[in-house]
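Undergrad: Take any residue in the sequence shown, note its place counting from 1, add 2, and you have its number in the UniProt record's numbering.
By construction, the Cβ of each residue, glycine as well, lies at the ideal position given by its N, Cα and C atoms.
Since this is a predicted model, take the numbers as computed values, not measurements.
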Amino acid sequence: KKYVYSWGDGKAEGSGKLKDLLGGKGANLAEMSRLGVPVPPGFTITTEMCRFYWENGQKLPEILKEEAGIALKNLEKLSGKKFGDANNPLLVSVRSGAAISMPGMMDTILNLGLNDEVADGLAKLTNNPRFAWDSYRRFMQMLGDVALGIEHEKFEEKLNEIKAKKGVKNDLDLDSDDLHEVVKLYKEVYRSEGKEFPQEPVEQLWVAVEAVFASWNNKRAIKYREINGMDKMGLLGTAVNVQMMAFGNMGESSGTGVAFTRNPNTGEDKTYGEFLLNAQGEDVVAGIRTPQPLDQLKEINPEVHKELIDTMNRLETVFKDMQDIEFTIENGKLYFLQTRNGKRTAAAAVKIAVDMVNEGLITKGTAVTRVKPADIEKLLHPTFDIEELNKAEYFGKGLPASPGAATGMAVFNADDAEAKAKEGLPVILIRPETSPEDIGGMDAAEAILTSTGGMTSHAAVVARGMGKTAVVGAENIVINDKAKTAISNGITIKEGDWLSIEGTEGKVFAGKIKTIKPTGLEGDIKTLLDFADEVSDLGVRANADIPRDAKIAREFGARGIGLCRTEHMFFEGDRIKKMRRMIVSKTKEQREAALAELLPVQKEDFKGLFESMEGYAVTIRLLDPPLHEFVPHEDAAIKDVAESVGITEEELRKVIDDLEEFNPMMGHRGVRLAVTYPEIAEMQIKAIMLAAIEMVKEGKKVKPEIMIPLVGNVKEFTLLRNSAEEIIKNLLKEHQVDVEYKIGTMIEVPRATVTADQIGENADFFSFGTNDLTQLSLGFSRDDYGKYIGDYLEKGIYDSDPFQHIDRNGVGRLIKTAVDLGRGANPHIKLGVCGEHGGDPESVEFCHLVGLDYVSCSPYRVPVARLAAAQAAV
Ligand code: ADP
Ligand code: MG
Ligand code: MG
């Protein structure tokens, strides 16, 4: 096995492909060398050696020393210098670098190989004693600080001592004698820490190499990997790069800088960067001196500037992505020290991806991988002004239920929200939790905050549907809606106080923060998402209940509605009254009379949806929630309602009591309602088909899909299907038209997944209702699981919130089973997902992997789902 890979002089043993083994930095140094780009020669010790070091008692094997010895000899030959030779010294840097760039590991050590004698020699050789002593003191400081654990501050103190003695502020004002003095004081620092500065260059090298390997598992690095989900990526460790120094600090014809091949803020196709003359390493980013913009290098040294720009363009063409490079100029000679794919803002990511497709540099498939779903979210939702955000007073944290940023005045119930909003005031609705009765207030609010409930709670689902910022389940915020206060982090928010909600991370701040408007789905974002649609196999539909939402969904690129929740239609305006009259009916006749009034209203609703979907499929779910949700619960309301539906208060209370259930989520709902009260489903089926018939008569395209919820037994399904077919047959005959329709079911009861062959034989489509399927499979109530999910995640029982990302090992297997059984019984069956998971990129990937036909999500998540679907496909 080979542990050391050399590069230099237009050649390299490694290459850009070996990132896992050589780390990102090492692999790209090798690749640049192969390309003939001027990089100082050097060698990489592999990540496998790091693994070996940690698995063998933190010791380096003899074989490594031998291999590295040969590489060092080779490096001496390539550089024409000798390690430790005072008359012609080779100095090197020792640089860490894992496969994935990772701040938190050891900092780079520069100028290694210097000691008293070599520093003297370097001073004579270069005729530049200041340079020699400056390099030496920098090296002593870096080796002490990074490799030997001597605090940086201890060195700074001494440096400041000398500066004070001399009466200067800037390092550059110290001359060679001063710096010589600094070196002496630094030696004292070593001694006072019980350490001796190693004079022997080879010893210095191994101290530094070991320190790099050791830093792989320091606290900062471990934390960084944990936060960024890197611990599950099977990284071997960090590589170590040993590289000949290029000196940017040799005077005014030397310098160092960083540059990007395109503007990382805007994406503009123009090189962007900064440099400093007579400087080394991190000076540019350290902010001690103010760097100059790259354009000024053109005036100082046009040849070097041209070589830099030409080479950067070449690197971008080879690596096919925006490059972030480091360079150093030593006495007018240009060296490249690093190239990597540059970090960029969301807007730049989108622009660069689209531009590169247009330039023919990358494919559309590659372009969609260059933009993170979170970038799209950032661009399409408001964000907080970053400066104001940094100064904001932190109030609390909850689940990031619906992205965006909003600021407004606190209100504690839906009525107040509506009243204040009517006065033109921006409000934040704060509730322990929300219910369907709060819809008006939620609609009026800028954002919603709740203290209980999870990612699929009412507040979360509705807010997402409205495209409204929401933080839910903020358990440590104490919300008292009677007293109208919210207390957290030692702050009490009262009615009318300003509050700011950040829904992308789930944070809440006291006070007002300026928001910044999103870009909207136009220009480059639109183009990128069109690329996404071309690349992906998975369709994206929207969950939308009313034409307004459906229109938004279309604008965001949804092709069809995957879920229309008809119950939401019953809350609008005075329909709830008709609904309640239906519910309190004592006889079938009364019920039918009430339903007859609802029918035309529903028909118009459906027609509106069909129209706004322009011929794409619209899946309409028959009434799903328990009737209990439609009756009043407060005394005053009960009195009103009794009056308006024409029964006594007592009678109404009896009805309400009868509807009360211990476990409403597993109660009298879904298909069970239709089994007991077939008239309700019949009315809805009629309304759907009449709307479709009118569309056809008007010469418009329409594809209704009738969806029966909560089926667990094929006989529930066939019972409903048979009666639906009967109704439809009669209607079509009566109106003498043909409508292309489908009848299918939601798969959300575990029993349905394992009997999906029986159901599939009779159904035209399945739509996985993953919210209920998760709730029923795990036995976790989606309204209460917030109390314990934290412990579950902490103890690693689940890797992530199963209501946020599909639980692939459990619920995922049920879905897979249903897909296989369903397709086995009915090869034409259409399969989709309509739970909240449909807008979650990780879950969308799963849907792609099990071969579903589409995902359906709230309108505002459609763009993210389109991107995620494309990313899953490439
Ligand atoms: P990081 O990963 O933190 O960027 P680097 O290893 O890239 O660390 O090095 C830090 C700084 O030192 C960079 O500015 C880099 O260009 C500079 N540097 C590293 N090695 C050399 C070298 N051999 N010659 C000159 N400068 C170097
Ligand atoms: Mg670097
Ligand atoms: Mg359901």
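Assuming the contact rule is C-beta atoms closer than 8 Å, L712 and I515 should be a hit. Round their C-beta distance to whole Å, please.
TA: Within the sequence shown, residue 712 is the residue found at index 710, counting from 1. Within the sequence shown, residue 515 is the residue found at index 513, counting from 1. At roughly 43 Å, the Cβ-Cβ gap does not stay under 8 Å, so L712 and I515 are not in contact.
Undergrad: Spell out the partners DSSP gives L490 in its beta bridges.
TA: For the purposes of this step, residue 490 is taken as the residue at position 488 of the sequence shown. It should be pointed out that residue 490 corresponds to Ser in this sequence rather than to Leu. According to DSSP, S490 bridges with I493.
Undergrad: Please determine whether the Cβ atom of T436 lies at a distance below 8 Å from any heavy atom of ligand 2.
TA: Position 434 of the sequence shown, counted from the start, is the residue given in the question as residue 436. No.
Undergrad: Taking E448 as the reference, which of P428, T458, L80 has the closest Cα?
TA: For the purposes of this step, residue 448 is identified with residue 446 of the sequence shown, where counting begins at 1. Taking only the C-alpha atoms, the option nearest E448 is P428.
Undergrad: What separation, rounded to the nearest whole angstrom, lies between the Cα atoms of P375 and L869?
TA: The residue given as residue 375 occupies position 373 in the sequence shown. The residue given as residue 869 occupies position 867 in the sequence shown. P375 and L869: Cα-Cα distance of roughly 7 Å.
Undergrad: Looking at V852 and A867, is the spacing between their C-beta atoms short of 9 Å?
TA: Residue mapping note: residue 867 aligns to position 865 of the sequence shown, counting from 1. Residue mapping note: residue 852 aligns to position 850 of the sequence shown, counting from 1. Taking 9 Å as the Cβ cut-off, A867 and V852 do not qualify as a contacting pair.
Undergrad: On the premise that Y188 lies in contact with Q143, defined as a C-beta separation below 8 Å, what is that separation, rounded to the nearest angstrom?
TA: On the sequence shown, residue 143 is found 141 positions in, with the first residue counted as 1. On the sequence shown, residue 188 is found 186 positions in, with the first residue counted as 1. Contact holds; Cβ gap of about 7 Å.
Undergrad: Per DSSP, Y226 is paired with what?
TA: For the purposes of this step, residue 226 is identified with residue 224 of the sequence shown, where counting begins at 1. BP columns for Y226 are empty, so no partner.
Undergrad: Should T330 be counted as a contact of ligand 1 given a C-beta to heavy atom distance under 8 Å?
TA: As a first step, residue 330 is located in the sequence shown; it is residue number 328 there, counting from the start. Answer for T330: yes, Cβ within range of ligand 1.
Undergrad: Taking all protein chains shown into account, do 16 or more other C-beta atoms lie within 10 angstroms of the C-beta of G362, making it buried, or fewer, making it exposed?
TA: Working through the sequence shown from its first residue, we reach residue 362 at position 360. Classification for G362: exposed.
Undergrad: For R561 and V620, what's the separation of their Cα atoms in angstroms?
TA: Position 559 of the sequence shown, counted from the first residue, corresponds to residue 561. Position 618 of the sequence shown, counted from the first residue, corresponds to residue 620. C-alpha separation (whole angstroms): 9 Å.
Undergrad: Does the Cβ of T240 have 16 or more other Cβ atoms within 10 Å, making it buried, or fewer, making it exposed?
TA: Within the sequence shown, numbered from 1, the residue matching residue 240 stands at position 238. Per the 10 Å Cβ criterion, buried.
Undergrad: Should F664 be labelled buried (16 or more other beta-carbon atoms within 10 Å of its own) or exposed?
TA: Along the sequence shown, read from residue 1 onward, the residue named residue 664 stands at position 662. Classification for F664: exposed.
Undergrad: Looking only at its chain, what residues have a beta carbon closer than 6 Å to the beta carbon of A820, apart from the 5 residues adjacent to it on each side?
TA: Against the sequence shown, residue 820 aligns to sequence position 818. I749, T755, A758, listed in sequence order.
Undergrad: Give the straight-line distance between the Cα atoms of G275 and P295, rounded to the nearest whole angstrom.
TA: Here residue 275 corresponds to residue number 273 of the sequence shown, with the count starting at 1. Here residue 295 corresponds to residue number 293 of the sequence shown, with the count starting at 1. Straight-line Cα distance between these residues: approximately 6 Å.
Undergrad: Tell me whether M107 sits in a helix, a strand or coil according to DSSP, three-state version.
TA: As a position in the sequence shown, residue 107 is number 105, starting the count at 1. Three-state DSSP puts M107 in a strand.
Undergrad: Residue ranges of each beta strand (DSSP E) run of no fewer than 3 residues wholly in the UniProt domain "PEP-utilising enzyme mobile" (428-508), ordered along the chain?
TA: If we require 3 residues or more, the beta strand (DSSP E) runs fully inside the UniProt domain "PEP-utilising enzyme mobile" (428-508) come out as 429-433, 449-452, 471-474, 480-482, 487-490, 493-496, 500-504.
Undergrad: Can you tell which of I687, G771, R139 has its C-alpha closest to the C-alpha of K731?
TA: Position 729 of the sequence shown, counted from the start, is the residue given in the question as residue 731. Nearest of I687, G771, R139 to K731, Cα basis: I687.
Undergrad: For P634, which residues in the same chain have their Cβ closer than 6 Å to its Cβ, ignoring the five residues on either side in sequence?
TA: Position 632 of the sequence shown, counted from the start, is the residue given in the question as residue 634. Correct list, in chain order: I640, V643.
Undergrad: Measuring alpha carbon to alpha carbon, tell me which residue in Y337, K705, K399, K744 is nearest E507.
TA: Looking up residue 507 in the sequence shown gives position 505. Out of Y337, K705, K399, K744, K399 has the C-alpha closest to the C-alpha of E507.
Undergrad: From what residue to what residue does the alpha helix (DSSP H) around A644 run?
TA: Within the sequence shown, the letter at position 642 stands for residue 644. Element bounds for A644: 637-647.
Undergrad: Strictly under 9 Å for the Cβ-Cβ distance: is N545 near chain B by that measure?
TA: The structure shown contains no chain B; it is built from a single protein chain.
Undergrad: Which value, in whole angstroms, describes the spacing of the CA atoms of I495 and G269?
TA: Working through the sequence shown from its first residue, we reach residue 495 at position 493. Working through the sequence shown from its first residue, we reach residue 269 at position 267. Rounded to whole angstroms, I495 to G269 spans 41 Å at the Cα level.
Undergrad: Shorter than 8 Å, the distance from the beta carbon of L339 to the closest heavy atom of ligand 2, or not?
TA: As a working mapping, residue 339 is identified with position 337 in the sequence shown. Answer for L339: yes, Cβ within range of ligand 2.
Undergrad: Please state whether the Cβ-Cβ distance between A412 and I432 is less than 9 Å.
TA: By 1-based counting over the sequence shown, the position of residue 412 is 410. By 1-based counting over the sequence shown, the position of residue 432 is 430. Yes, the pair counts as a contact, with Cβ atoms nearer than the cut-off.
Undergrad: Just confirm the distance between the C-beta atoms of T436 and T452, as a whole number of angstroms; I'd bet it's less than 8 Å.
TA: The residue given as residue 436 occupies position 434 in the sequence shown. The residue given as residue 452 occupies position 450 in the sequence shown. About 6 Å; that satisfies the 8 Å criterion.
Undergrad: Report yes if the C-beta of E284 is less than 8 Å from at least one heavy atom of ligand 1; otherwise report no.
TA: Reading the sequence shown from its first residue, position 282 is the one you call residue 284. Because some heavy atom of ligand 1 lies under 8 Å away, the Cβ of E284 counts as near it: yes.
Undergrad: Which of the three DSSP states is assigned to C859 in this structure?
TA: Within the sequence shown, residue 859 is the residue found at index 857, counting from 1. Reduced to three states, the DSSP call for C859 is strand.
Undergrad: For the putative contact between V704 and V741, defined by C-beta atoms under 8 Å, what is the C-beta separation to the nearest angstrom?
TA: Here residue 704 is taken as the residue at index 702 of the sequence shown, counted from 1. Here residue 741 is taken as the residue at index 739 of the sequence shown, counted from 1. Indeed they touch by this definition, with Cβ atoms about 7 Å apart.
Undergrad: So the beta strand (DSSP E) W9 belongs to, where does it begin and stop?
TA: As a first step, residue 9 must be located in the sequence shown, where it is residue number 7. Note, W9: beta strand (DSSP E), 6-10.
Undergrad: Per DSSP, which one or two residues make a beta bridge with E50?
TA: Indexing the sequence shown from 1 puts residue 50 at position 48. Partner(s): none; E50 has no beta bridge.
Undergrad: My assumption, with CB atoms under 8 Å, is that V94 sits in contact with L114. Please give the rounded CB distance.
TA: As a position in the sequence shown, residue 94 is number 92, starting the count at 1. As a position in the sequence shown, residue 114 is number 112, starting the count at 1. That belief holds up - the Cβ atoms of V94 and L114 are roughly 5 Å apart, short of 8 Å.
Undergrad: Measure the Cβ-Cβ separation of R593 and C859 and say whether it is below 9 Å.
TA: Within the sequence shown, residue 593 is the residue found at index 591, counting from 1. Within the sequence shown, residue 859 is the residue found at index 857, counting from 1. Taking 9 Å as the Cβ cut-off, R593 and C859 do not qualify as a contacting pair.
Undergrad: Helix, strand or coil: how does DSSP classify Q282 here?
TA: To locate residue 282, count along the sequence shown from 1; it is residue 280. In this structure, Q282 counts as coil in the three-state DSSP scheme.
Undergrad: Just to confirm my understanding: we take residue 1, look at its own chain, exclude 5 residues before and 5 after, and list those with CB closer than 8 Å. What are they?
TA: Coverage of the chain is limited to positions 3 through 876, which leaves residue 1 absent and any answer about it impossible.
Undergrad: Using 8 Å as the cut-off, can you tell me whether the region 202-209 makes contact with the region 166-176, which would need three or more C-beta pairs spanning the two stretches below that distance?
TA: Cβ pair count under 8 Å is below three, so no.
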